[in-house]
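S.K.:
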Amino acid sequence: MTDFEYENLLSVISFEDFLYRDYLKHEQTLLKPRLKALGFKDISFVDGESDNFGPLSRICRCTDKRGKQRQFYYG
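The structure is reproduced here in structure tokens:
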């Protein structure tokens with residue numbers, strides 16, 4: 000059992016201009032700044048599910064402005 004519930008990252012921020020082929024770059028240049036603007040901190044991204052071709056989903060772990068740890072997914 001996990002301590003986190005997974006929420007869909009698309010329900011919190013826009014993925015406008017995000018390209019999946021450049022996901023590592025765009026997590027840092029697009030997604031992370033959008034989360035910071037909403038008051039999230041301690042933001043990190045890790046692989047979720049993956050196969051031989053790479054990640055099928057990504058997990059974003061962060062802390063919201065109330066201090067609650069949150070975990071989002073996309074992909």
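Per numbering that gives the first Met the number 0, the sequence shown starts with residue 0, numbered consecutively. Backbone N, C-alpha and C define an ideal beta-carbon position, used for all residues, glycine too. Since we're looking at a predicted model, the values are computed, not measured.
#1: Assign residue 63 to one of three DSSP states: helix, strand, or coil.
#2: From residue 64 to residue 11, what distance separates their C-alpha atoms?
#3: Need the endpoints of the alpha helix (DSSP H) that residue 69 sits in, please.
#4: Taking the straight line between their C-alpha atoms, what separation do you get for residue 18 and residue 66?
#5: Quick one: give me the first and last residue of the alpha helix (DSSP H) that residue 22 is part of.
#6: What does the alpha-carbon distance come out to for the pair residue 58 and residue 44?
M.R.: Looking at the atomic coordinates:
#1: coil
#2: 14 Å
#3: Unbroken run through residue 69 is the beta strand (DSSP E), 68-73; no alpha helix (DSSP H).
#4: 30 Å
#5: 22-25
#6: 6 Å
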